[in-house]
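Participant: Each residue of the sequence shown is one higher than the last, beginning at 1 in the UniProt record's numbering. Ideal Cβ positions, reconstructed from N, Cα and C, are used throughout, including at glycine. A quick note: this is a predicted structure, and the numbers were derived from the prediction, not measured. Take this structure, written in structure tokens, and hold onto it; I'll ask about it next.
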Amino acid sequence: MAYVPAGGYPLRGPLASGGGGGGGGGATSAAAAPTNNPSSSAVSATPFHGGNLPFITRLILGLQSDQNREQALALLVKEITSLYPALLSTHSISERDIARVSNAIVLLQSVASHPDTKMRFLKAHMPVYVYPFMNSTKSESSYERLRLSSLGVIQSLVKVDNAEVVEFLLFTQIFPSCLRCMEFGRTLSKTVATYIIYRILQNSEGLKYCFALADRFLSVSRALGIMVENLDQEEEKHSPRLLRNIIGCYLRLLESENDRARHILTSCIPSKLVDSTYIRILKESCPEALGWLQELIRNLQLTGQTS
Numbered sequence: 001m002a003y004v005p006a007g008g009y010p011l012r013g014p015l016a017s018g019g020g021g022g023g024g025g026g027a028t029s030a031a032a033a034p035t036n037n038p039s040s041s042a043v044s045a046t047p048f049h050g051g052n053l054p055f056i057t058r059l060i061l062g063l064q065s066d067q068n069r070e071q072a073l074a075l076l077v078k079e080i081t082s083l084y085p086a087l088l089s090t091h092s093i094s095e096r097d098i099a100r101v102s103n104a105i106v107l108l109q110s111v112a113s114h115p116d117t118k119m120r121f122l123k124a125h126m127p128v129y130v131y132p133f134m135n136s137t138k139s140e141s142s143y144e145r146l147r148l149s150s151l152g153v154i155q156s157l158v159k160v161d162n163a164e165v166v167e168f169l170l171f172t173q174i175f176p177s178c179l180r181c182m183e184f185g186r187t188l189s190k191t192v193a194t195y196i197i198y199r200i201l202q203n204s205e206g207l208k209y210c211f212a213l214a215d216r217f218l219s220v221s222r223a224l225g226i227m228v229e230n231l232d233q234e235e236e237k238h239s240p241r242l243l244r245n246i247i248g249c250y251l252r253l254l255e256s257e258n259d260r261a262r263h264i265l266t267s268c269i270p271s272k273l274v275d276s277t278y279i280r281i282l283k284e285s286c287p288e289a290l291g292w293l294q295e296l297i298r299n300l301q302l303t304g305q306t307s
């Protein structure tokens, strides 16, 4: 029997016990749920009609049909999973395929953010269909576009405080996917991935989850530290927001009741973060983050880690 966590999310497909086949209906029956080794038969692609207003209008009006509306998510899943084999291929992905799948993922962002559809979106396990794009270790612009679109789906879920959303994301192993984006993504992907981690840490269960295993906590600390050290190599227009999210994560981690882990964390925070290196960036573009940084420095002074 598939494990059902407190929020009531029965696992299906590769997330079920033993990696067995798919369960219940709804949008999840449209395609096999993704795994770390994505594979799916290609499907016929509907041409992307960018800028064709009459065509787009007909599509929108077509959603008034009950049949079209109920099939919409199933068709989006088919579009998304059609690109899974390319993630394992050494061949480049065509711009046409990138545009088609990215547009499908962007539509999922709307479903994920709307209060009337968010919880049903979770119960159908729709977010896991974008995880393979987040788990990609390729850094080319085509993969970055897919990575960023996928992160946008998760960002839409975490913008509003919701314990069930956090439970679902933790249960489906969102931390490793975000850490991979922080390692291989470009500046904007790193910014969104760090924001997702920050939002999850704001939840008490998310904070406990981070400290439950030493390797998990150390992985997060290491990823944050590497981004701080390399911040001067990031795109300048996005780096202040990335820095803000990094500082927010550190502040929240220091609120943990785990004294030993907190002591380790204070010794791992790069000195570059608490000296004057990034003060100018924050003064000019992100005063709120400057206040956070000053609070972080005060907290570190209380622990004797900085003078």
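Check each candidate in I174, H91, K138 and name the one with the smallest Cα separation from P127.
Facilitator: Within the sequence shown, the letter at position 127 stands for residue 127. For the residues I174, H91, K138, the minimum Cα distance to P127 belongs to I174.
Participant: Using the C-alpha atoms, what's the distance from C286 back to A45?
Facilitator: For the purposes of this step, residue 45 is identified with residue 45 of the sequence shown, where counting begins at 1. For the purposes of this step, residue 286 is identified with residue 286 of the sequence shown, where counting begins at 1. Any reading at A45 must be qualified, since the residue scores a pLDDT of 36, below 50, and its modelled position is unreliable; no value is offered.
Participant: Which stretch, first to last residue, makes up the alpha helix (DSSP H) that contains N245?
Facilitator: Within the sequence shown, the letter at position 245 stands for residue 245. Residues 239-253.
Participant: Would you mind working out which of D275, D97, E167, L148 sits nearest Y131, comparing C-alpha positions?
Facilitator: If you number the sequence shown from 1, residue 131 lands on position 131. Looking at the Cα atoms, L148 is the closest of the given residues.
Participant: Look at the Cβ atom of Q109, then the Cβ atom of V153, and state whether they are nearer than 8 Å.
Facilitator: The residue labelled residue 109 in the question sits at position 109 within the sequence shown. The residue labelled residue 153 in the question sits at position 153 within the sequence shown. Result yes, Cβ atoms of Q109 and V153 sit closer than 8 Å.
Participant: Taking all protein chains shown into account, decide if L53 is buried (16 or more other Cβ within 10 angstroms of its Cβ) or exposed.
Facilitator: To locate residue 53, count along the sequence shown from 1; it is residue 53. Result: exposed.
Participant: Assuming A212 is part of the alpha helix (DSSP H), what are its boundary residues?
Facilitator: Your numbering for residue 212 matches position 212 in the sequence shown. Looking at the DSSP string, the run of the alpha helix (DSSP H) that includes A212 is 204-212.
Participant: Since L243 and I281 are thought to touch, with beta carbons under 8 Å apart, how far apart are those beta carbons, to the nearest angstrom?
Facilitator: In the sequence shown, the residue the question calls residue 243 occupies position 243. In the sequence shown, the residue the question calls residue 281 occupies position 281. That pair is a contact at about 7 Å.
Participant: Nearest CA to the CA of L179: which residue from L296, Y84, S113, S219?
Facilitator: The residue you call residue 179 lines up with position 179 of the sequence shown. Nearest C-alpha to L179: S219.
Participant: Using only the alpha-carbon positions, how far apart do A261 and E255 sit?
Facilitator: Sequence index remark: in the sequence shown, residue 261 carries index 261 (1-based). Sequence index remark: in the sequence shown, residue 255 carries index 255 (1-based). Roughly 11 Å between the two C-alpha positions.
Participant: If I follow the unbroken alpha helix (DSSP H) through residue 312, where does it start and stop?
Facilitator: There is simply no residue 312 to check, as the chain begins at 1 and stops at 307 in what is shown.
Participant: Taking P270 as the reference, which of P85, L290, F133, S221 has the closest Cα?
Facilitator: Taking the first residue of the sequence shown as position 1, residue 270 is located at position 270. Minimum Cα distance to P270 is reached at S221.
Participant: Can you list, in chain order, the residues of its chain whose CB lies under 7 Å from that of Y143, leaving out five sequence neighbours each side?
Facilitator: Position 143 of the sequence shown holds residue 143. Only S136 meet the Cβ criterion.
Participant: Does the contact criterion of 3 or more C-beta pairs under 8 Å hold for the region 224-232 versus the region 163-177?
Facilitator: no
Participant: V274 and L251: beta carbons closer than 8 Å?
Facilitator: Sequence index remark: in the sequence shown, residue 274 carries index 274 (1-based). Sequence index remark: in the sequence shown, residue 251 carries index 251 (1-based). Cβ atoms of V274 and L251: not closer than 8 Å.
Participant: Kindly indicate which three-state DSSP category T81 falls into: helix, strand or coil?
Facilitator: Your numbering for residue 81 matches position 81 in the sequence shown. Helix, per DSSP.
Participant: If we call anything under 8 Å between Cβ atoms a contact, is Q155 one with I196?
Facilitator: Counted from its first residue, the sequence shown places residue 155 at position 155. Counted from its first residue, the sequence shown places residue 196 at position 196. The answer is yes: Cβ separation under 8 Å.
Participant: Count the other C-beta atoms from every protein chain shown that fall within 10 angstroms of the C-beta of G206, then say buried if there are 16 or more, exposed otherwise.
Facilitator: Looking up residue 206 in the sequence shown gives position 206. That one is buried.
Participant: For the candidate residues G291, L146, V165, whose alpha-carbon lies nearest to that of Y84?
Facilitator: Taking the first residue of the sequence shown as 1, we reach residue 84 at position 84. Taking only the C-alpha atoms, the option nearest Y84 is L146.
Participant: When burial is assigned at 16 or more other CB atoms within 10 Å of the CB, is S65 buried or exposed?
Facilitator: In the sequence shown, counting from the first residue as 1, residue 65 sits at position 65. Answer is exposed; the Cβ neighbour count stays below 16.
Participant: Within its chain, find whatever has a CB closer than 8 Å to the CB of V106; leave out the 5 residues flanking it on each side and keep chain order.
Facilitator: Reading the sequence shown from its first residue, position 106 is the one you call residue 106. Same-chain partners within the cutoff: S149, G152.
Participant: Could you check which residue in S89, A112, S82, S113 has the C-alpha nearest to that of A99?
Facilitator: Numbered from its first residue, the sequence shown carries residue 99 at position 99. Taking only the C-alpha atoms, the option nearest A99 is S82.
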